[in-house]
Amino acid sequence: MALGLFSRNKDSASSQAITADRPYIPAEKVKLTGDPLRQALQTRRFGRILQGRRQWADHPDFKKTYDAASQALDECFALVPEGFVSIAMSIFDQPGSPEKDSETEPFLLARHAVTNAEYQLFVDAGAYEDLELWPEEIWPHLIDFKDGTGESGPRFWQGGRHHRDLASHPVVGISFYEAAAYADWAGYRLPTEVEWQMAAGWRIRSSAHVHRRYPWGDALNLNCCNIWASGHGGTLPVNACPDGAAPNGVLQLIGNVWEWTAADFEAVDRDGRQVVGETLLKVIRGGAYDTYFPWQAVSAFRSGLGCVARAHNVGFRCAMNLPQD
Amino acid sequence: MSKTVDASPKYAPCLICESTNAPDAILCKQCSAPMALVHEAHAQEREPRMVSILGDSNVGKTVYLGFLLDMLSQRANDFEAVPRGAYSVDLQQIVISHMAYRMFPPKTPMETDEWNWTYYQVCKRGSSPKWVDLVMPDVAGEAIAAEVASPSTFRIIQNLLQKSSGLLLLVDAALAANGSAQPDFFALKMMSYIDTMFACKRGKRISMPVAIVLTKADYCPECFDSPRRFAEANLNRLWNVCESRFSKVEFFASSVVGSLAYATAGDNDVVTPVPLHTALRGVLEPFEWMVAQL
Chain A
1 MALGLFSRNK
11 DSASSQAITA
21 DRPYIPAEKV
31 KLTGDPLRQA
41 LQTRRFGRIL
51 QGRRQWADHP
61 DFKKTYDAAS
71 QALDECFALV
81 PEGFVSIAMS
91 IFDQPGSPEK
101 DSETEPFLLA
111 RHAVTNAEYQ
121 LFVDAGAYED
131 LELWPEEIWP
141 HLIDFKDGTG
151 ESGPRFWQGG
161 RHHRDLASHP
171 VVGISFYEAA
181 AYADWAGYRL
191 PTEVEWQMAA
201 GWRIRSSAHV
211 HRRYPWGDAL
221 NLNCCNIWAS
231 GHGGTLPVNA
241 CPDGAAPNGV
251 LQLIGNVWEW
261 TAADFEAVDR
271 DGRQVVGETL
281 LKVIRGGAYD
291 TYFPWQAVSA
301 FRSGLGCVAR
311 AHNVGFRCAM
321 NLPQD
Chain B
1001 MSKTVDASPK
1011 YAPCLICEST
1021 NAPDAILCKQ
1031 CSAPMALVHE
1041 AHAQEREPRM
1051 VSILGDSNVG
1061 KTVYLGFLLD
1071 MLSQRANDFE
1081 AVPRGAYSVD
1091 LQQIVISHMA
1101 YRMFPPKTPM
1111 ETDEWNWTYY
1121 QVCKRGSSPK
1131 WVDLVMPDVA
1141 GEAIAAEVAS
1151 PSTFRIIQNL
1161 LQKSSGLLLL
1171 VDAALAANGS
1181 AQPDFFALKM
1191 MSYIDTMFAC
1201 KRGKRISMPV
1211 AIVLTKADYC
1221 PECFDSPRRF
1231 AEANLNRLWN
1241 VCESRFSKVE
1251 FFASSVVGSL
1261 AYATAGDNDV
1271 VTPVPLHTAL
1281 RGVLEPFEWM
1291 VAQL
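Right, here's the structure in full:
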């Protein structure tokens, strides 16, 4: 029996869940070079190269590699200007509900979520075995961060490899800690919650103080995002829905996959009671391809997820501070 | 096959229990099923098929049925569904309006006259479109448990099952995964009740299609990988009775809540579950399978 999970229509081929009617085709292995600097470029750790001036200054290829990393960073990241953000502190987002206002500094945000192919480099480089990348409190849980066959990697992979057809799709099935470890390994970080909302709501410093409901404007346009009502029934490649880009070209802040942020989820209910999870909740933003209510996929909507949950519809994107020079 | 209904009844026999009622009755005097079901069936000139959605208390019947109907109303998976009568929309509206505000809908009351009934015309599009008239009530879990424990306590449930063309049995996968035997025992009792009701001989298996829907599967993602394997491991009693007594059984994993949190003011406070966001998974598939069996 062929069942399309979550699908509104029959176009469910892009779902990352393994179904009986879709054989798993593992991605081919890429041989990594042994030279640390060249490997950093090969594995797209551009942030690390820029930070490693002192470490690699004597390397014969440093200047060339540094320039290549700078150029790649320009292509992969976009500037989010300084601005204002109001974060709803109640889970009932009604007028008059408590909000927390923040100002944000300019920063760089990845134009798209981290893909399966990019995350594969992290896995292949042995990052799951590198304890320096993981906070000590999570070490006992590292043995749980396995794929469907017991290899280190995202939950829906098999044999430590992503599905060949999903190379350009956002990686899912990763916990908050895996997302944070990847960002650290690559020389970046996860965006804070206010940074994420600034990028999606685009409330730049101006006299207008306009907050956008969506990165592309205020009206829902199903061609601009991948939510349940869009009818795709699964994740799309990270460069899909170009019409939904933010003014700076950042894609898919709304829909496709929820995105981990660095923030703890703090909120109260209608009666002022704390909302907590069974484990520490981290803020996720943006909604996903299976988000049923369109108003749960807007720039100001907050949700939380247990920090070790490895959901089928949650991925992440990287951020970084502006380079000093 | 659907039967033709007498187009001009002097008396209105209840669609569920067949008791005779006055033509202007609103609810059946015997079982409290809405007489609008009968009037609609007369208007359609055919008897609708019924699909029962049963399960233990707190398994998620109301939420499942509400989202199923809402998805069908939005033409999900080549389905088209039209509610027959405004009363059919009530359940869907209650569920959606609560979940949108991150609240679970209130518990279905025990009183049969307060149950929500739905009558939908459902079309599965394709090369040969298939129309099915479906009646699906939202039955209180406590009433089901009482009827199963002591048959004829809620006779409407027995009547409903006898009239049903198929059964969606909802089982709490989260509880089962946490080691509780309660979901397994409840499901076993339910299947045993049906087995007894149809009074099949020992060697003969019951042909009524049964979809076992493992709800709250977001708690135990392995359930989605293989619902059958999950049931075999965690609901072994149910698994065995299905294997030995029912000829058309399929297992499905389903979840509606993307992330569950709890509102609490302290140690002594009542903890209220909060669905932080909604992410539908595996809601339509059991129904799709059921329609294919009808």
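Protein sequence lines correspond, in order, to chains A and B. Start counting the first sequence at 1; every next residue gets the next number (my numbering). Start counting the second sequence at 1001; every next residue gets the next number (my numbering). Beta carbons are placed, not taken as given, at the ideal position from N, Cα and C, and that holds for glycine.
Query: Contacts that leucine 281 of chain A makes with chain B (C-beta to C-beta distance below 9 Å); Result: Ser1259, Ala1261, Leu1276
Query: Serine 197 of chain A, buried or exposed, once every other Cβ within 10 Å from all chains shown has been counted against 16; Result: The sequence shown places glutamine at residue 197 of chain A, rather than the serine named in the question. Glutamine 197 of chain A should be labelled buried.
Query: Contact check, alanine 186 of chain A vs cysteine 318 of chain A, beta carbons under 8 Å; Result: yes
Query: Any non-hydrogen atom of the ligand GDP within 7 Å of valine 298 of chain A CB; Result: The ligand content of the structure shown is nil, which means the ligand GDP is not present either.
Query: Per-residue contacts from glutamine 274 of chain A into chain B (C-beta, under 8 Å); Result: Ala1263, Thr1264, Ala1265
Query: Three-state class that DSSP yields for glutamine 274 of chain A in the structure shown; Result: strand
Query: Burial state of tryptophan 1131 of chain B (16 or more Cβ within 10 Å); Result: exposed
Query: Leucine 1134 of chain B, DSSP secondary structure in three states; Result: strand
Query: Test: alanine 288 of chain A CB closer than 8 Å to a CB of chain B; Result: yes
Query: Where the beta strand (DSSP E) through leucine 1261 of chain B begins and ends; Result: First, the residue type needs correcting, since residue 1261 of chain B is alanine and not leucine in the sequence shown. Where alanine 1261 of chain B is concerned, the enclosing beta strand (DSSP E) stretches over 1255 to 1264.
Query: Cβ shell of alanine 1187 of chain B (< 7 Å), same chain only, five flanking positions each side left out; Result: Leu1169, Val1171, Leu1235, Leu1238
Query: Beta-ladder partner(s) of threonine 1118 of chain B, from DSSP; Result: B:Met1136
Query: Nearest neighbour of aspartate 1133 of chain B, chosen from B:Ile1026, B:Ser1259, B:His1098, B:Val1038 [CA to CA]; Result: B:Val1038
Query: Residues near phenylalanine 1287 of chain B in its chain [Cβ-Cβ closer than 7 Å; skip 5 each side]; Result: Leu1068
Query: Per-residue DSSP class, three states only, for methionine 1290 of chain B; Result: helix
Query: 8 Å Cβ cutoff, tyrosine 1101 of chain B in contact with chain C; Result: The structure shown contains no chain C; its protein chains are A and B.
Query: Candidates A:Leu322, A:Val308, A:Asn321: closest to isoleucine 137 of chain A by CA position; Result: Per the sequence presented here, residue 137 of chain A reads as glutamate, with isoleucine not at that position. Out of A:Leu322, A:Val308, A:Asn321, A:Val308 has the C-alpha closest to the C-alpha of glutamate 137 of chain A.
Query: Alpha helix (DSSP H) segment containing tryptophan 196 of chain A, residue limits; Result: 193 to 201
Query: Neighbour-count burial assignment, tryptophan 216 of chain A, 16 or more Cβ in a 10 Å radius; Result: buried
Query: CB contact below 8 Å: leucine 1294 of chain B versus chain A; Result: no
Query: Glycine 1066 of chain B, enclosing beta strand (DSSP E) - first and last residue; Result: Glycine 1066 of chain B -> not in any beta strand (DSSP E); alpha helix (DSSP H) instead, spanning 1061 to 1073.
Query: Chain A contact residues for aspartate 1269 of chain B, given Cβ-Cβ distances below 8 Å; Result: Arg273
Query: Runs of alpha helix (DSSP H) lying entirely within the region 94 to 169 of chain A, each at least 4 residues, in chain order; Result: 116 to 124
Query: Closer than 8 Å to chain B by CB, asparagine 313 of chain A; Result: yes
Query: Three-state class that DSSP yields for methionine 89 of chain A in the structure shown; Result: coil
Query: Under 8 Å between C-beta atoms of alanine 181 of chain A and alanine 125 of chain A; Result: no
Query: Contact under 8 Å by Cβ, arginine 203 of chain A with valine 85 of chain A; Result: yes
Query: Per DSSP, the bridge partner or partners of histidine 1042 of chain B; Result: Per DSSP, none; premise fails for histidine 1042 of chain B.
Query: 8 Å Cβ cutoff, glutamine 158 of chain A in contact with chain B; Result: no
Query: Candidates B:Thr1153, B:Ala1233, B:Pro1275, of which the one nearest alanine 1181 of chain B by Cα; Result: B:Ala1233
Query: Residue range of the unbroken beta strand (DSSP E) whose run includes serine 1052 of chain B; Result: 1049 to 1055
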